[in-house]
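**Student:**
2 protein chains.
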Amino acid sequence: MALAPAQDAFAQSLARHLPADTLRPAEPRYLEEPRGKWHGNAAWVALPRCTDDVATIIRACATARVGVIPYGGGTGLVAGQVKPDGPLPLILSLERMNKVLGVYPEENTLIAQAGAILADVQAAAADRNRLFPLSLASEGSARIGGLLGTNAGGVNVLRYGNARDLCLGLEAVLPDGQVHHGLKRLRKDNTGYDLRNLLIGAEGTLGVITAATLKLSPVPAAQGTAFLVVNDPAAALSLLSLARDHIGDGISAFELISGVGLDFLAEKLPDLRRPFPENPRWMVLIDLGLSLGQDPHTALENLFEAALAAGLVSDGLIAQSEAQRQDFWRVREDIPTANRMVGAIASHDISLPLGAVADFIATARERLKPLGPLRINCFGHLGDGNLHFNLFPPKGTARTAFLHLAEDGSRILHELVHATGGSISAEHGIGRLKASDLERYGDPAKLWAMRTIKTALDPLGIMNPGAVLRQTATT
Amino acid sequence: MALAPAQDAFAQSLARHLPADTLRPAEPRYLEEPRGKWHGNAAWVALPRCTDDVATIIRACATARVGVIPYGGGTGLVAGQVKPDGPLPLILSLERMNKVLGVYPEENTLIAQAGAILADVQAAAADRNRLFPLSLASEGSARIGGLLGTNAGGVNVLRYGNARDLCLGLEAVLPDGQVHHGLKRLRKDNTGYDLRNLLIGAEGTLGVITAATLKLSPVPAAQGTAFLVVNDPAAALSLLSLARDHIGDGISAFELISGVGLDFLAEKLPDLRRPFPENPRWMVLIDLGLSLGQDPHTALENLFEAALAAGLVSDGLIAQSEAQRQDFWRVREDIPTANRMVGAIASHDISLPLGAVADFIATARERLKPLGPLRINCFGHLGDGNLHFNLFPPKGTARTAFLHLAEDGSRILHELVHATGGSISAEHGIGRLKASDLERYGDPAKLWAMRTIKTALDPLGIMNPGAVLRQTATT
Chain A
3 MALAPAQDAF
13 AQSLARHLPA
23 DTLRPAEPRY
33 LEEPRGKWHG
43 NAAWVALPRC
53 TDDVATIIRA
63 CATARVGVIP
73 YGGGTGLVAG
83 QVKPDGPLPL
93 ILSLERMNKV
103 LGVYPEENTL
113 IAQAGAILAD
123 VQAAAADRNR
133 LFPLSLASEG
143 SARIGGLLGT
153 NAGGVNVLRY
163 GNARDLCLGL
173 EAVLPDGQVH
183 HGLKRLRKDN
193 TGYDLRNLLI
203 GAEGTLGVIT
213 AATLKLSPVP
223 AAQGTAFLVV
233 NDPAAALSLL
243 SLARDHIGDG
253 ISAFELISGV
263 GLDFLAEKLP
273 DLRRPFPENP
283 RWMVLIDLGL
293 SLGQDPHTAL
303 ENLFEAALAA
313 GLVSDGLIAQ
323 SEAQRQDFWR
333 VREDIPTANR
343 MVGAIASHDI
353 SLPLGAVADF
363 IATARERLKP
373 LGPLRINCFG
383 HLGDGNLHFN
393 LFPPKGTART
403 AFLHLAEDGS
413 RILHELVHAT
423 GGSISAEHGI
433 GRLKASDLER
443 YGDPAKLWAM
453 RTIKTALDPL
463 GIMNPGAVLR
473 QTATT
Chain B
3 MALAPAQDAF
13 AQSLARHLPA
23 DTLRPAEPRY
33 LEEPRGKWHG
43 NAAWVALPRC
53 TDDVATIIRA
63 CATARVGVIP
73 YGGGTGLVAG
83 QVKPDGPLPL
93 ILSLERMNKV
103 LGVYPEENTL
113 IAQAGAILAD
123 VQAAAADRNR
133 LFPLSLASEG
143 SARIGGLLGT
153 NAGGVNVLRY
163 GNARDLCLGL
173 EAVLPDGQVH
183 HGLKRLRKDN
193 TGYDLRNLLI
203 GAEGTLGVIT
213 AATLKLSPVP
223 AAQGTAFLVV
233 NDPAAALSLL
243 SLARDHIGDG
253 ISAFELISGV
263 GLDFLAEKLP
273 DLRRPFPENP
283 RWMVLIDLGL
293 SLGQDPHTAL
303 ENLFEAALAA
313 GLVSDGLIAQ
323 SEAQRQDFWR
333 VREDIPTANR
343 MVGAIASHDI
353 SLPLGAVADF
363 IATARERLKP
373 LGPLRINCFG
383 HLGDGNLHFN
393 LFPPKGTART
403 AFLHLAEDGS
413 RILHELVHAT
423 GGSISAEHGI
433 GRLKASDLER
443 YGDPAKLWAM
453 RTIKTALDPL
463 GIMNPGAVLR
473 QTATT
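These protein sequences, in sequence, are chains A and B.
Position in the first sequence (from 1) plus 2 gives the number in the numbering used here.
Position in the second sequence (from 1) plus 2 gives the number in the numbering used here.
#1: So, are the CB atoms of A:ALA301 and A:LEU290 less than 8 Å apart?
#2: Which runs of the beta strand (DSSP E) at least 3 residues long sit entirely within the stretch 149-192 of chain B? Give them in chain order.
#3: Name, please, each residue of chain A whose Cβ falls closer than 9 Å to the Cβ of B:THR152.
#4: Taking only the alpha-carbon atoms, compute the straight-line gap between B:ALA214 and A:PRO272 and give it to the nearest angstrom.
#5: What does the Cβ neighbour count give for B:LEU405, buried or exposed, with the cut at 16 atoms within 10 Å?
#6: Where do the ends of the alpha helix (DSSP H) carrying A:LEU478 lie?
#7: How would you call B:PRO91, buried or exposed, if buried means at least 16 neighbouring beta carbons within 10 angstroms?
#8: Would you say the stretch 10-25 of chain A touches the stretch 49-61 of chain A, given that touching needs at least three Cβ pairs under 8 Å?
#9: Restricting to runs no shorter than 4 residues, where is the alpha helix (DSSP H) found entirely within the stretch 71-158 of chain A?
#10: List the residues of chain B whose Cβ lies closer than 8 Å to the Cβ of A:LEU197, in chain order.
#11: Can you have a look at A:ASN131 and say buried or exposed, based on whether 16 or more other CB atoms are within 10 angstroms of its CB?
#12: Mark B:LYS371 as exposed unless 16 or more other C-beta atoms lie within 10 angstroms of its C-beta, in which case mark it buried.
#13: When the cut-off is 8 Å and only beta carbons count, does B:ASP361 lie next to chain A?
#14: If we count Cβ pairs, one from each stretch, closer than 8 Å, do we get three or more for the stretch 87-106 of chain B versus the stretch 445-452 of chain B?
#15: What residue range does the alpha helix (DSSP H) around B:CYS63 cover?
#16: Identify whether B:GLN9 lies in helix, strand or coil by the three-state DSSP scheme.
#17: Please name the residue, chosen from A:ARG453, A:GLY250, A:GLY423, A:ARG332, that lies closest to A:ALA437 on a Cα-to-Cα basis.
#18: If you compare alpha carbons, which of B:LYS39, B:ILE119, B:LEU208, B:ARG51 is closest to B:LEU1?
#19: Could you pull the DSSP bridge partners for A:ASP351 from this structure?
#20: Any residues in the stretch 168-192 of chain B with a beta carbon nearer than 7 Å to a beta carbon of chain A? Which ones, in chain order?
#21: Can you give me the Cβ contacts of A:LEU33 inside the same chain, cut-off strictly under 8 Å, excluding the 5 residues immediately before and after it?
#22: Kindly say whether B:GLN473, judged by its beta-carbon, lies nearer than 8 Å to any beta-carbon of chain A.
#23: A:VAL333 lies in the alpha helix (DSSP H); which residues open and close that run?
#24: Is A:TYR106 close to chain B? Criterion is C-beta to C-beta, closer than 8 Å.
#25: Using a beta-carbon distance below 8 Å, is A:GLU417 in contact with chain B?
#26: Which of the three DSSP states, helix, strand or coil, is assigned to B:ALA379?
#27: Classify B:LYS39: buried if its beta carbon has 16 or more other beta carbons within 10 angstroms, exposed otherwise.
#28: Looking only at its own chain, which residues have a Cβ that is under 7 Å from the Cβ of B:PRO338, when we skip the five neighbours before and after it?
#29: In the DSSP assignment, what are the bridge partners of A:TRP450?
#30: Which residues bound the alpha helix (DSSP H) around A:THR300?
#31: Taking DSSP's pairing of strands, which residues face A:GLN14 in a bridge?
#32: For A:PHE229, which residues does DSSP report across the bridge?
#33: Any C-beta of chain B within less than 9 Å: which residues of the stretch 427-447 of chain A qualify?
#34: Can you name, in chain order, every residue of its own chain whose Cβ lies under 6 Å from the Cβ of A:LEU305, other than the five neighbours on each side?
#35: Answer yes or no: does any C-beta atom of chain B fall closer than 8 Å to that of A:ASN164?
#36: Mapping DSSP to helix, strand and coil, what is A:THR365?
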């Protein structure tokens with residue numbers, strides 16, 4: 003049975019069961035996504051103020067069989083938040099449920115509503131001398147519900163894990179409107195199936211996350227950051243191993259940066275201070291957060307000396323001040339900005355077994371050669387085996403002249419990722435962009451289990467229809 | 003429809019599809035559990051040598067609608083591995099699938115079959131200078147599949163997480179005999195629902211784990227251990243906070259030990275060297291694992307000085323050698339042994355929000371007083387908020403004279419845990435022992451989701467029937 007559209011009559015009827023101004027016509031901002039490739043189709047947005055209102059909305063959608071798109075900050079990169087076709091869905095934005103409900107510094111926990119913005123959660127933790135370590139480029143607008151729904155990653159996964167690892171409990175509205183009350187502040191709780199982790203990463207297809215208990219960490223007593231020039235990705239991986247031997251758990255981030263990325267920065271953001279007069283072909287940005295009595299500057303110097311002796315690095319810069327640390331990080335964070343200004347033909351968010359990363363980068367380059375003289379910007383969270391492997395037109399040429407290569411390029415790359423035991427979505431999720439890739443590369447038994455669970459928990463198929471799992475023709 | 007019993011005819015028919023000697027009559031050891039409170043009922047055990055054989059067995063059980071109990075080391079404490087009544091299940095022991103299939107030190111990963119014994123996995127990691135940090139009393143016999151199936155905890159959860167946090171990928175046979183191939187060696191993989199975490203902690207009720215990719219860690223460069231005498235649990239928690247400020251991530255374990263536990267050791271294991279001439283009322287065992295250039299002895303001395311100055315500790319001992327470190331740990335590890343020799347009336351495996359632990363211990367003692375002069379040994383993984391809160395008869399009295407208080411004692415305690423936002427099973431799981439407690443204290447929406455998932459993935463109800471979720475009268 004097909005879904006019904008969320009048209010005016012439905013919205014007006016639902017509005018009568020909710021406080022004034024909960025339903026509004028959907029402004030254009032709810033229909034856009036950051037890369038501008040997808041355009042959503044929806045007439046109404048619901049803006050609930052509390053969990054009970056969310057439950058009322060979901061129950062009404064179930065009764066009318068109207069699709070619902072849970073909406074956070076709208077920063078997702080796989081079109082999980084925009085549905086371009088089919089019956090109009092209702093957009094359910096959590097933006098008004100944006101409070102930090104409690105901070106428990108002595109337990110290293112914090113409870114936030116799903117609409118809380120990541121930067122606000124970070125600030126609430128910092129106010130009590132604690133760290134909420136999830137950190138990514140869109141932290142000023144991404145919201146906790148969406149970050150959990152997509153199991154977001156970012157730069158600190160190496161040390162602190164991804165969003166999943168930072169969540170201790172959830173409150174959520176299930177597809178029939180039941181409220182799951184699971185906001186426990188426990189480190190250990192082995193009472194039944196892991197519903198929390200099932201909802202995390204389900205991208206709103208199994209329910210709506212309305213609040214979460216999050217895990218905080220001690221603020222490191224001292225931080226240090228360095229750029230280290232490496233010959234190639236293999237040397238970068240050996241450097242990571244060496245750094246672990248030296249510094250153990252103190253490594254917060256270990257990012258690979260390619261010369262192409264630095265060239266893009268020089269081309270598009272020329273005012274940005276680049277670290278080396280000549281752009282090296284490969285470098286690593288390493289970030290340390292150490293405890294009392296440890297000196298990150300000394301640790302980085304010792305690491306640099308050892309890496310130099312081992313022939314792994316040829317040059318390096320250790321940040322001499324917090325301001326310089328921030329400058330170093332700006333370089334990393336502006337690479338996606340420069341990428342967008344140059345204009346990628348195709349972007350990829352892949353992960354690989356660490357031991358396979360160096361060979362993969364070389365092989366992928368070879369396999370892509372027949373497509374023509376594309377520029378490759380390969381960078382990312384090397385410590386996690388997570389690369390953003392993006393294809394660009396040759397310098398001075400128009401992106402449009404090469405767009406026809408996108409499909410072949412992505413296919414070549416994803417086939418190699420699959421053959422290498424990697425993932426075609428390391429941290430961005432599946433959304434609608436990769437739903438058919440998931441069918442192609444996913445484990446058949448896992449896909450069967452996913453479809454079985456989706457049908458069982460959401461038999462009407464109202465929750466974020468078409469995201470993660472494609473719909474059948476009738477819906 | 004009721005399950006069919008795994009009788010001789012079924013076993014003989016199944017044996018024809020499997021290599022010789024895969025099916026055997028069930029020896030008594032498969033029908034026992036460590037506390038001797040439950041006795042299993044089964045005639046046959048299957049001992050497959052490979053995943054394909056596991057799939058053959060599960061398919062045959064599905065066809066004949068025979069219940070299957072996935073069996074690891076048999077060390078579980080909640081009767082997940084023994085089914086005392088109903089149609090005879092087939093026991094499916096993974097003990098022959100006990101190999102470490104690969105160690106990848108440069109990636110900090112290891113792949114093991116489900117029947118690999120924890121101590122063997124630890125040793126395989128240590129051989130390559132890596133740490134597999136899962137550590138618990140039964141590590142010499144517990145197997146990886148069971149440890150993951152129950153999401154086991156242990157002494158290093160504070161730093162490294164529980165079994166769930168140490169698993170990157172799974173191979174498993176689903177209830178219809180499909181094999182899920184998910185042995186990826188990836189740190190990040192956001193491709194669909196989290197089937198891995200759904201199988202972990204499901205106690206064999208949603209499928210059989212046959213192999214796992216596990217996460218390794220660097221071996222700490224230096225370790226240090228201390229006993230610190232504290233006035234009460236509140237002081238122990240303040241000490242934990244102070245220790246985190248001083249030592250950050252370097253704290254591997256933080257265990258609370260009560261004077262009652264030390265008295266039991268003195269009574270039942272008098273040859274064991276106790277740390278202090280007079281047993282203190284409360285003490286903490288703290289374990290550090292630090293990286294290169296850090297000295298755990300100095301770190302512990304500094305912590306002790308600071309804690310003394312803050313009035314949190316009154317005495318302390320820092321291990322002066324590795325042998326003394328092992329002696330300190332022996333004290334902790336022999337407490338459950340002494341408990342068993344004294345004979346508990348009722349044992350509990352609870353967790354609480356850290357901020358609520360101290361009040362809980364005091365209140366629980368008050369609430370239990372009306373039952374009579376019971377002795378309480380409250381100890382455990384304080385850093386995780388996980389306490390083992392066990393009730394014993396007064397000294398010199400027979401346990402049997404007090405056993406009638408077990409039910410009331412557990413009820414009083416679990417009601418208080420529930421009211422405090424805690425868990426009635428922190429690390430041991432639900433099994434059959436706590437299935438009715440789960441119904442009483444579990445979140446109704448979560449229970450609905452669990453039953454819905456169980457019915458969808460295992461519609462015949464053959465996987466570990468009656469564990470976690472109670473069966474209906476007909477099965």
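Backbone N, C-alpha and C define an ideal beta-carbon position, used for all residues, glycine too.
**Tutor:** So, to answer that:
#1: yes
#2: 169-175, 181-184
#3: Per Cβ cutoff of 9 Å: ASN192.
#4: 48 Å
#5: Answer is exposed; the Cβ neighbour count stays below 16.
#6: Limits of chain A in this structure are 3 at one end and 477 at the other, which puts residue 478 of chain A out of reach.
#7: buried
#8: yes
#9: 120-129, 146-151
#10: Residues of chain B passing the Cβ test: LYS448, ALA451, MET452.
#11: exposed
#12: exposed
#13: No, B:ASP361 does not count as interfacial toward chain A.
#14: no
#15: 53-66
#16: coil
#17: The residue with the shortest Cα to Cα distance from A:ALA437 is A:ARG453.
#18: Since the displayed chain B opens at 3 and closes at 477, residue 1 of chain B lies outside it and no answer follows.
#19: A:HIS390, A:SER427
#20: LEU176, GLN180, VAL181, HIS182, HIS183, GLY184, LYS186, ARG187, LEU188, ARG189, LYS190, ASP191, ASN192
#21: Answer for A:LEU33: HIS41, GLY42, ASN43, ALA44, VAL84, listed in chain order.
#22: no
#23: 324-344
#24: yes
#25: Not an interface residue.
#26: The sequence shown places Asn at residue 379 of chain B, not Ala. B:ASN379 falls in the strand class under three-state DSSP.
#27: Result: exposed.
#28: ALA139
#29: DSSP output for A:TRP450 lists no bridge partner at all.
#30: First-last of the alpha helix (DSSP H) with A:THR300: 298-311.
#31: DSSP output for A:GLN14 lists no bridge partner at all.
#32: A:LEU287, A:LEU319
#33: SER427, ALA428, GLU429, HIS430, GLY431, ILE432, LYS436, ASP439, LEU440, TYR443, GLY444, ASP445, PRO446, ALA447
#34: Listed in chain order, the non-local C-beta contacts of A:LEU305 below 6 Å within the same chain comprise ALA245, HIS248, local neighbours out to five positions each way being set aside.
#35: Chain B, which has a Cβ nearer than 8 Å to the Cβ of A:ASN164, makes this yes.
#36: helix
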